[in-house]
Every structure is written in structure tokens, then in C-alpha cells.
Amino acid sequence: MNTSAHVAVDRRAFVARLLAAMPSALVVSGLGSPSYDVFAAGDRDRNFYLWGAMGGATSLALGLALAQPSQPVVAITGDGEQLMGIGSLGTIGARQPKNLTIVVLDNGHFGETGMQRSHASLGTDLVAVAKGFGIADAFRVERLEGAGEVAERANARRGVAFAQVLIHADEPPRALPPRDGVFVKNRFRAELGFPPF
Amino acid sequence: MEAIKEAPAWQKAVFNALKEGGIQQIAYVPDAGHSYAIRAAQADPDIVDTVLTTEEEGVALVSGAWLGGQRAALLMQSSGVGNCVNMFSLLNSCNFPFLTLVTMRGEYAEFNPWQGPMGKNTQGALELMGITVLRASDPDEVGEIVSAGLDAAFLAGEKVAVLLSQSLIGRKKWERN
Chain A
4 MNTSAHVAVD RRAFVARLLA AMPSALVVSG LGSPSYDVFA AGDRDRNFYL WGAMGGATSL
64 ALGLALAQPS QPVVAITGDG EQLMGIGSLG TIGARQPKNL TIVVLDNGHF GETGMQRSHA
124 SLGTDLVAVA KGFGIADAFR VERLEGAGEV AERANARRGV AFAQVLIHAD EPPRALPPRD
184 GVFVKNRFRA ELGFPPF
Chain B
56 MEAIKEAPAW QKAVFNALKE GGIQQIAYVP DAGHSYAIRA AQADPDIVDT VLTTEEEGVA
116 LVSGAWLGGQ RAALLMQSSG VGNCVNMFSL LNSCNFPFLT LVTMRGEYAE FNPWQGPMGK
176 NTQGALELMG ITVLRASDPD EVGEIVSAGL DAAFLAGEKV AVLLSQSLIG RKKWERN
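Below, the structure is given as C-alpha cells:
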């Protein structure tokens, strides 16, 4: 549960450090602040930014990971988005894709809608949930330096991993990635060598 | 494997159409009408099968598969279409190709009234979200219609649902002896 305000990581710094340490990773970002954080770290053709489809980030990343087993795939999302698609952790636990890493930026709140408290600060322990769904390598990150161990797991592709990162409940300046999903999709596929129709 | 041997021909035609159409992933919430395709996919080393906790996961999963260069199909029952509605916006926003096979309830010799509200609105809900609906009711046409839907999805980039009529599946036996 994210209850402690004193152990809190800066979200932008964490995501920037994480992405710098896994330059080849295919990244799916959940709607709202995680998409802004990933874009703020530098736009990449290997990023797929969601602006909607709440609850779908980890499922989309799963389909991608199964299709591209030789590439590290990383879903970066928020606690609210992950909670809406919480069953996907059970699906991922059943499938165990070795190349999938899930990073939940957890501020215990729904940031995009006015900072209402989420289940993650009202009793839900996301690491325990992930473990309960069969993701054995689930752990909490409470320091900026933890980005290194998350990146190491992603790059190694030796098993599905789940990182709950306790972040500040602040709102850094908006950094808006492209909202044109067709553009982002075609750019991402082109990066992997797939042509449009 | 006994169930595979006993599966009706139309269920085999569904799987054959998926296989011949190059499907490499299936995602599903089980239904009796999909049981052959699920078991055949599990037995096929070139197809990855993923069981879902809820159908909207599958909308996102098959989109991710396409991002990664694979063709995937979502198998579900009509009740699951209602669970997917907002997630269908992913298909429209990104113009993802989409193929789902939907076994119908609530429309033919239905015993359970709880299947009616969603079953009778399954086609409408799909069409409201911009998905083209094909219908297969004749067992001899099932394979061809699934194949046609698959081509429209992955050659023309369309979003297609093939509804497999409840009359194909027949009456569900409610009493256990």
C-alpha cells in the first residue's frame, strides 16, 4: 500500500533514468501521467502512448511481448490504470512471458481527474496482488536508484517482473505525446520492420 | 483429446480458417462453442493461446499482437461483447485490424433469461462501436464466413465480428442425470 509520503520517488526522474538504461525496450504507456512521463523522457519510435483504453496497457503489452519474444517489452502505467485492468495480472501470471516487465507508478491517487485517492492508498497492496496472481518477481521500489534494477530485469528477459514504484503525488508540467494513434501505431510498426497496408 | 474427435465439423472449420489465415495468437474467455478452437490452438506449436479474466483484455491484447507484427483473434461469448465497449475505442483511435468470433446466447431456444439482455443487443453494440458484423448460421458456411472476416480484418484493416448463431451450438442441456 502506498501510505508513506516520506518515501517517494520523483516520477519524471525515475522514468527518464529507466528509459535511458533500456534503450532497446518496446514501451507501452498507460493513459494520463505515465504517457506524459515517457514522452518527457524523449520521444522514441519504440514508444506506444495510450490516451484512453483505460485498463488496457498491460494487456496490450502482453500481446506485443508474445509477438516479439526477442525484445524487452515494458508497460509503464499508473495505479489507477492498473487497477482497472487488474485481472490482466492474472492473465500475465498464467502466460509468464519472459520478456515483459510491468512498472506501476503508484502515487495512490487518480492524478488525471483531481487527485482522488485510489485503492492503492486505501488498502490494496499491488505487490501482494501481483504475487497472488502468479508474478513471483514482484517488488516495491522506493528510491530513484531502483530504476537500474528494473531496467536490468527488462533487458535480461529472464521472466515477467512487476515493479511498484512509490512516487510523489505531484503533477509535473504536462508533456503531451502525439494523440494520433494511427501515426503512433504505424511509426512503431515501421520501427520493427512492418509496413503499413 | 476425445472432445476434439467429437467436435462438430463447423467448429473444426472455424479453427482451420484461423490457421489457414495465419493467426498466431488467440485470446479467449471460454465458451462451449469455442472449445475445439481453444484445444486445437493449445495443441498447435505455432499458435499462442491466452485465457483472459475478462474480454476487454483481449481487445488490447490482439492490438498489441498486431503492433508486434502478428495476427491474433479474440474468441468470446455474446455476453463478453458488453464488457468490451470502451476498449473498442482503442481499435478506432489507432485503426487496428480486429477479428473476433462471438458465440451467441439469448437468441435461440434459450433457457436462461439472464442471457437475453446482452445477447439481443450484441450486434447493435458492436455496430455502435464501428465494428462490421458478419453472421454464420449454416454449419456449412461457417468456415467461409470466418475466412472472409479474417481477410477483411488483416488485408483491408477492418474491424470485424463474426457472430456464430446459437442455433449452430444447439440446445444446452440443463439437467444432469
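As given, the protein sequences belong to chains A and B, one line each in that order.
For the first sequence, the working numbering gives the first residue as 4, with consecutive numbering after it.
For the second sequence, the working numbering gives the first residue as 56, with consecutive numbering after it.
For glycine and all other residues, C-beta sits at the position ideal for the given N, C-alpha and C.
Note that the structure is a prediction, hence the values are computed from the model and not measured.
In this model, Val10(A) and Arg143(A) are separated by some 11 Å (Cα to Cα). Contact between Leu189(B) and Ala208(B) does not hold, since the beta-carbon distance rounds to 11 Å and is not under 8 Å. By a beta-carbon distance limit of 8 Å, Gln97(B) does not contact Gln125(B). Their separation comes to about 17 Å.
Classified as exposed, Asp173(A) has fewer than 16 neighbouring CB atoms from the shown chains inside 10 Å of its CB. For Leu156(B) against Val103(B), the beta-carbon gap comes to about 17 Å, at or over 8 Å, which does not count as contact.
Close partners of Ser144(B) in chain A (Cβ separation under 8 Å): Gly55, Ala56. Unbroken alpha helix (DSSP H) stretches of 4 residues or longer found wholly inside the segment 7-55 of chain A: 14-23, 36-43, given in chain order.
Counting only runs that start and end inside the segment 113-153 of chain B, the alpha helix (DSSP H) elements of at least 4 residues fall at 133-138, 143-149. Lys227(B) and Ser91(A) have their C-alpha atoms spaced approximately 30 Å apart. If the five residues before and after Gly179(B) are omitted, its C-beta is found closer than 8 Å to no C-beta atom of its own chain. Contact between Val12(A) and Glu145(A) holds: CB atoms are separated by about 7 Å, below the 8 Å threshold. The residues Gln132, Ser133, Ser134, Gln170, Gly174, Gln221, in chain order, have a CB closer than 7 Å to that of Arg160(B) in the same chain once the five nearest residues on each side in sequence are set aside. About 4 Å separates the Cβ atoms of Ile170(A) and Arg14(A), confirming a contact at the 8 Å cut-off.
Contact between the segment 145-158 of chain A and the segment 82-99 of chain A is not established, with fewer than three Cβ pairs separated by less than 8 Å.
Shown here for Ala72(B): same chain residues with a beta carbon closer than 7 Å to its own, the five before and five after excluded, namely Gly198, Val201, Ser202, Leu205 in chain order.
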